[in-house]
Amino acid sequence: MLQKTEIVALLKEHAAPTENRGDLVPCSEACCADGSSTEDLAAALDRAVERVRALLGLRSAAVFLFDPDPDSPDVLAAPRDALPELEEVARRLCENGELDALRERQGPVLHEREGASPVVVHLMRSPLHCRAVGVMVGEVGEDGRDIACGRPAIGAAALSECAAVLENCRLCRGLQQLEAELVVRTTLLESSLSEVQRFSLDLEGRVAERTRELTEANEELSREIADRMRAEEKYRSNESMLRLALEGVGEGLWLWDVRYDQVDLSPLSMELLGCASDPATCPPEMRSRNGWEALIHPDDVDRVRFKKNKCVEGSIQGYSVEYRIPDGAGGQRWILERGRVVLRDGRGLPIRIAGTHSDVTKRRELEEQIRHQANHDYLTGLPNRYLFSDRLSLALARANRNGSMAALVFIDMDNFKTVNDEYGHEAGDELLKMMADRMRGVFREVDTVCRIGGDEFAVVLSDICGRPDAEAAVERLMDAFDAPFPVAGGETLIRISAGVSLFPDDGTDEQALLRCADMAMYRTKQKLGRSACTFAQDILPGKGAR
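Be aware that the sequence shown starts at 724, since it is given in our numbering, and climbs by one per residue.
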């Protein structure tokens, strides 16, 4: 076996000059700018194989590059002029898994072949990570068996140099792939950056446009707010002037928010409703409709609610109603309330109703006084002829409805004219007043005593059972007039004549009953002393006394 010094000498003998060894050129020098090798892989393998063949005395040799992954040792490259039988040997080693045995060896292995020359097989490893990167197959000549077997160290050294070249090329290809991937990624990054820049410019344009629109909208909104504030200020000014004008004529203002049932009252409205004029001291219950209506007289509240509900429902646009409230002094005050819808929603339902309050107590009292004077005798205060007709009609209708009876008493003062002529009209007027008072005390509250003219009076007797009830009432009247009346410092007796007619026996209407009662009264005048007469058929003209 050769010594170390002999191996080094032999390698130097067969080694090519350094400046001409393109297979050992560093990867940085062996690669062009576009990533291609200055010498292809096959040429580098050819030179390496030629040196190995010369060192080991081989007839022919070939190096095959394969995937270093031990799980898939497929042949990837082979010399261009490799003998077919050598390539077949390499493929068989890969396919049959015989490379596993070579992984345990550090140098070339001699394989005998039946009927053919033996071959030398060497598994080449990467000097960086000791993984297999290729296999060398060489055919031993007749004189080369001893050389191949005697120089394993020399062959291993030469093949290791070849493996380094292969690894250098593999690393160069890896760098080329990384550079290509870097170029692709850089291109993608530049494209993405350009897209981001375009998007950023577009976004900035949109933001600028949106900012401009918002600025214009804010300016428009500011103008609208300013216009609304001016309108509200004008509205408040007009409202204040209207409030002062209305309160100057004695009318209070109110505003009702229907949705929230909140009522705002002006100071005069609060005063008219019996509250303090200061809104701060107004009871909270007065701020709602129910609290407001609680002040209304029970006889009037249903009528007020009916009209307000009609307005809320939209049946009417406005309403006007009068009602009574306590005046705080034990009496009552009449209030005229007017209301009108001033704001509606999209469905037409009212949102706000505004109105006024007026104190109409004096007007109502005056109206009541006028109404009383129109229906009553100014001297005696008794119902007059007009009210007499109304009360008689009501009594007849009630009797007809209930199946009862009614009576009409016609009364005449027999000697009133004598007293009036003797003592004067003033004494006569006083006498009429006293007679009216005395008659009021005789009849029931449901009966109506009327003065129908001069010294003539009439009484409507309601809901009687028959003729005896009417005669009993007239008898009480006669008894009352038995007592004298004070006249001009003295006393005098007044004789009366009374005639009675019954409903429905003597008539079914006012004129028939009056006619019958009048005839009965004149029958009594023909008698001496006090007397009364109920109507009978014999009173009619041409009939005899009954």
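Glycine included, C-beta positions come from ideal geometry on N, C-alpha and C.
Local conformation of residue i per DSSP, three classes
| i | result |
| --- | --- |
| Cys895 | helix |
| Cys1129 | Just to set this straight, residue 1129 is Ala in the shown sequence, not Cys. Here Ala1129 sits in strand by DSSP. |
| Cys1188 | coil |
| Ala784 | strand |
| Ser1038 | coil |
| Glu1168 | coil |
| Cys750 | Because the pLDDT of Cys750 is 32, which lies under 50, any placement of that residue in the model is unreliable, and the number read from its coordinates should be weighed accordingly. In the structure shown, Cys750 sits in a helix (DSSP, three-state: H, G or I). |
| Pro990 | helix |
| Phe1204 | coil |
| His1095 | helix |
| Thr1247 | helix |
| Gln726 | Confidence at Gln726 is low in this model, with a pLDDT of 41, below 50, so the placement of that residue should be treated as unreliable; the coordinate-derived value is given next. In this structure, Gln726 counts as coil in the three-state DSSP scheme. |
| Tyr1146 | helix |
| Thr1257 | strand |
| Arg836 | strand |
| Thr1231 | coil |
| Leu1216 | coil |
| Leu978 | strand |
| Tyr983 | coil |
| Thr1141 | helix |
| Thr909 | helix |
| Leu1225 | strand |
| Ser1043 | strand |
| Pro831 | coil |
| Ser1081 | strand |
| Cys998 | coil |
| Asp1050 | coil |
| Ala1181 | strand |
Distance between beta carbons of residue j and residue i, contact taken as under 8 Å
| i | j | result |
| --- | --- | --- |
| Ala1196 | Phe1166 | 6 Å |
| Asp1082 | Leu995 | 6 Å |
| Cys1188 | Phe1111 | At roughly 23 Å, the Cβ-Cβ gap does not stay under 8 Å, so Cys1188 and Phe1111 are not in contact. |
| Gly1078 | Arg1063 | 6 Å |
| Val1044 | Glu1060 | 6 Å |
| Val784 | Gly861 | With the sequence shown as reference, residue 784 is identified as Ala, and Val is not the correct amino acid for it. Contact flag correct, Cβ pair sits at about 4 Å. |
| Arg1246 | Gly1222 | 7 Å |
| Gly1037 | Leu1089 | Their Cβ separation, rounded to whole angstroms, is 36 Å, which puts Gly1037 and Leu1089 out of contact at 8 Å. |
| Ala1193 | Leu1236 | Rounded, the Cβ-Cβ distance is 12 Å, inconsistent with contact. |
Cutoff 7 Å; reference residue i; Cβ partners in own chain excluding five residues on either side
| i | result |
| --- | --- |
| Asp1068 | Ile1074 |
| Thr1103 | Leu1155, Lys1156, Ala1159 and Arg1174 |
| Arg1163 | Val1172 |
Minimum C-alpha distance to residue i - residue among the options
| i | options | result |
| --- | --- | --- |
| Phe1139 | Ala1122, Asn1125 and Met1158 | Met1158 |
| Tyr1146 | Arg1094, Leu816, Glu862 and Pro1209 | Pro1209 |
| Gly857 | Val907, Val1142 and Ala771 | Ala771 |
| Lys1085 | Arg1047, Glu942 and Leu926 | Arg1047 |
| Leu1066 | Asp980, Glu956, Cys998 and Gln1096 | Asp980 |
| Asn1107 | Arg1121, Ala1129 and Val1183 | Val1183 |
| Asp1232 | Arg1121, Arg951 and Cys998 | Arg1121 |
| Asp1228 | Arg1218, Asn1123 and Phe1180 | Asn1123 |
| Val1169 | Ile1058, Asp1178 and Asp1186 | Asp1186 |
| Ala1143 | Gly1177, Leu912, Ile1076 and Met847 | Per the sequence presented here, residue 1143 reads as Asn, with Ala not at that position. Nearest of Gly1177, Leu912, Ile1076 and Met847 to Asn1143, Cα basis: Gly1177. |
| Arg776 | Glu818, Thr938, Pro1191 and Pro831 | Pro831 |
| Met847 | Leu825, Glu835, Arg1056 and Leu1216 | Leu825 |
| Arg1276 | Tyr1101, Trp1057 and Ala1097 | Outside the displayed span of the chain (724 to 1269) sits residue 1276, for which this structure offers no information. |
| Asp1137 | Leu816, Ile1217, Gly1014 and Cys998 | Ile1217 |
| Pro1049 | Ile1076, Ile1019, Leu898 and Glu927 | Ile1019 |
| Gln1234 | Arg1161, Asp1113 and Glu1153 | Asp1113 |
| Gly1053 | Arg1026, Lys957, Gly1041 and Gly997 | Gly997 |
| Asp1023 | Glu927, Ala1181, Glu835 and Gln1055 | Gln1055 |
| Ser1220 | Gly1213, Glu1198 and Glu1214 | Glu1198 |
| Leu778 | Gly864, Pro1191, Glu818 and Pro807 | Gly864 |
Distance cut-off 7 Å: residue i Cβ against heavy atoms of the ligand COA
| i | result |
| --- | --- |
| Phe1226 | For the structure depicted, the ligand COA is absent and the ligand set is empty, with no information on it obtainable. |
Residues near residue i by beta carbon distance below 8 Å, same chain, minus five either side
| i | result |
| --- | --- |
| Arg982 | Ile1074 |
| Gln1249 | none |
| Leu809 | Ser783, Ala784, Ala785, Val842, Val860, Gly861 and Glu862 |
| Arg1028 | Glu1016 |
| Gln985 | Trp979, Arg1010 and Ser1011 |
Sequence-distant residues of its chain with Cβ nearer than 6 Å to residue i (five each side left out)
| i | result |
| --- | --- |
| Ala1150 | Val1210 and Ala1211 |
| Leu1200 | Val1165 |
| Glu918 | none |
| Glu904 | none |
| Leu1105 | Ala1159, Val1172, Cys1173 and Arg1174 |
| Glu1179 | Asp1135 |
CB contact check: residue i to chain C, cutoff 8 Å
| i | result |
| --- | --- |
| Tyr1245 | The chain inventory of the structure shown lacks chain C, comprising one protein chain alone. |
Check your understanding: Is the region 1132-1144 in contact with the region 1236-1247, if contact means three or more CB pairs nearer than 8 Å?
Key -> yes
Review point. Are the region 1200-1210 and the region 1110-1129 touching, with three or more C-beta to C-beta distances below 8 Å?
Key: no
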